[in-house]
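Trainee: Be aware that the sequence shown starts at 217, since it is given in my numbering, and climbs by one per residue. Have a look at this one.
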Amino acid sequence: MDILRLAGVPGVGKSTVAWAVARQLTADGVRVGYVDIDQLGMCYPAPSEDPDRWDLKENALRRVARSFAAAGVERLVVSGVADPADPPRANGHPTVSLWLDADEATRRVRLAPRGWPQKQVDDVLAVGTAEAAAAHPAWARVATDGSAVEETVRIVLERPSPGSVATPAEFPRREPDVAGRIIWITGPRCAGASSVGWEIAAESWRAGQRTGFVDVAQLGFVWNVDRTVGLRNTTSLQRLFAGAGARTLVAVAPFETSPAAVRDAFPGSDIRFFRLDADDDTRRARALQGAAGTGPLLAGDDLIGASPQAVDDIVALGARQRQTPVRAGELLIGRAGMSASEVAEQVRAHLPD
């Protein structure tokens, strides 16, 4: 497996280009994986010796890369920030490391959909300009301003592959299990598991309790392979975060991931399963918000820009998922008429001290 890494400052189009590259490689028949490195380092408060969590995220990338390789992935596409002062770090695989660039005007336009206050945008742009100017020369530069995404994808893919290393036939040997609590949040489509899980983690961060957060779906993007990696990558991050002092992991996960599979993956942990429930009207309202782009912008989100028919299909899928009987260990939490913070408070009320 080899790795294609796309870094750069906010607004240069890292995630957009990386996702488009992964989809093009998929169409070409390549066995592809994708991960955004920002999804690998959500553990706060940050360790004092690693305040920007650069080391944490790079260590996480090395761990998940092993799982992608063992699943049969030929090329892993990685997007996200990197320490501009350092050269690209070794990760155990041949890597093409590209730093995407765009001028301030272009980045300002691209940051607009995030809805940030003007001062925040100005600050991010200023810091980004300074970081881009100081980026280590070992990063190869690719300009994205003035080019359509398709053109940037073509330029990126024209870079010669560095070759690959032998792919192991089996997943890496399991590391020792770690103790600790896992708060597992799931539910039918558009029940709001992600927002509730984030609120639970954020409350711990505000209290100064080091806690990890993962979105299992964001750790499992593979195409043209028949093995899954999301749950295995979650176990890798739990161990990494525990080593950094996190006693709790908050995980938001697709409904299809069963409690039985989770228990098998984390035999040494205290796992608390919470299944959110929301009626069709509530979920449709959330789906329409997602289609309008008002929620978090996540890779692979099929709601962003979704047609009315696609929204109907997603709501219907959630309705079918709601009919599944409550599975062993799950606690059902209704959220009709409640905000994410109110539902999070209900979840916390069911946790032992």
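Ideal placement from N, C-alpha and C gives every residue a C-beta, glycine not left out.
1) For the putative contact between W400 and Y260, defined by C-beta atoms under 8 Å, what is the C-beta separation to the nearest angstrom?
2) When you compare only the Cα positions, how much space is there between E290 and D299?
3) Give a yes or no on whether the C-beta atoms belonging to R536 and T464 are separated by under 7 Å.
4) I need the straight-line Cα distance from I219 to D495, nearest angstrom please.
5) Report yes or no: do the segment 362-372 and the segment 224-233 share at least 3 C-beta pairs separated by less than 8 Å?
6) Exposed or buried, what is E274 when buried is set at 16 or more other beta-carbons lying within 10 Å of its beta-carbon?
7) Per DSSP, what kind of secondary structure is V246 in: helix, strand or coil?
8) I'd like to confirm the pairing. Which residues does DSSP put opposite E546 in its beta bridges?
9) If you check the beta carbons only, do L277 and I253 fall under 7 Å apart?
10) State the Cα-Cα distance for the pair W355 and S452, rounded to the nearest angstrom.
11) Give me whichever residues DSSP pairs with W400 in a beta bridge.
12) Counting pairs of Cβ atoms below 8 Å between the segment 235-252 and the segment 438-445, do you hit three or more?
13) At the level of alpha carbons, what is the spacing between L533 and S264?
14) What residues in its chain sit with their C-beta under 7 Å from that of V489, if we drop five residues either side in the sequence?
15) What residue range is occupied by the uninterrupted beta strand (DSSP E) comprising W355?
16) So what's S264 in DSSP terms, helix, strand or just coil?
17) Would you mind stating whether V559 and I416 have Cβ atoms separated by less than 7 Å?
18) Go through its chain and collect everything with a Cβ distance to T427's Cβ below 6 Å, but skip five positions before and after it.
19) Going by DSSP, what residue range makes up the beta strand (DSSP E) through S313?
20) If you run the structure through DSSP and keep just helix, strand and coil, what is D254?
21) Among the candidates G506, R538 and P568, whose CA atom is the shortest distance from the CA of A526?
22) Classify Q336 as buried or exposed, calling it buried when 16 or more other Cβ atoms lie within 10 Å of its own Cβ.
23) Between which two residues does the alpha helix (DSSP H) harbouring W270 extend?
24) Could you pull the DSSP bridge partners for R291 from this structure?
25) If you run the structure through DSSP and keep just helix, strand and coil, what is F482?
Mentor: On the basis of the supplied data:
1) That belief does not hold up - the Cβ atoms of W400 and Y260 are roughly 19 Å apart, past 8 Å.
2) Those two C-alpha atoms are separated by around 26 Å.
3) Not closer than 7 Å, so no.
4) 42 Å
5) yes
6) Classification of E274: buried, given that the 10 Å Cβ count is 16 or more.
7) DSSP, reduced to helix, strand and coil, places V246 outside both helices and strands of the structure shown, so it counts as coil.
8) F489
9) yes
10) Rounded to the nearest angstrom, the two C-alpha atoms are 28 Å apart.
11) A467 and F489
12) yes
13) Approximately 44 Å between the Cα atoms of the pair.
14) The sequence as given places Phe at residue 489; Val does not occur at that position. Within the same chain, F489 has close Cβ partners W400, P475, G545, E546 and L547.
15) Element bounds for W355: n/a, residue is neither H nor E.
16) The three-state reading of DSSP puts S264 in coil, since its state is none of H, G, I, E or B.
17) no
18) A417, S420, A462 and T464
19) T311 to D317
20) Collapsing the DSSP output to three states places D254 in a helix.
21) G506
22) Exposed, because fewer than 16 other Cβ atoms sit within 10 Å of the Cβ of Q336.
23) W270 to A286
24) Looking at the DSSP output, R291 shares a beta bridge with D218 and V248.
25) coil
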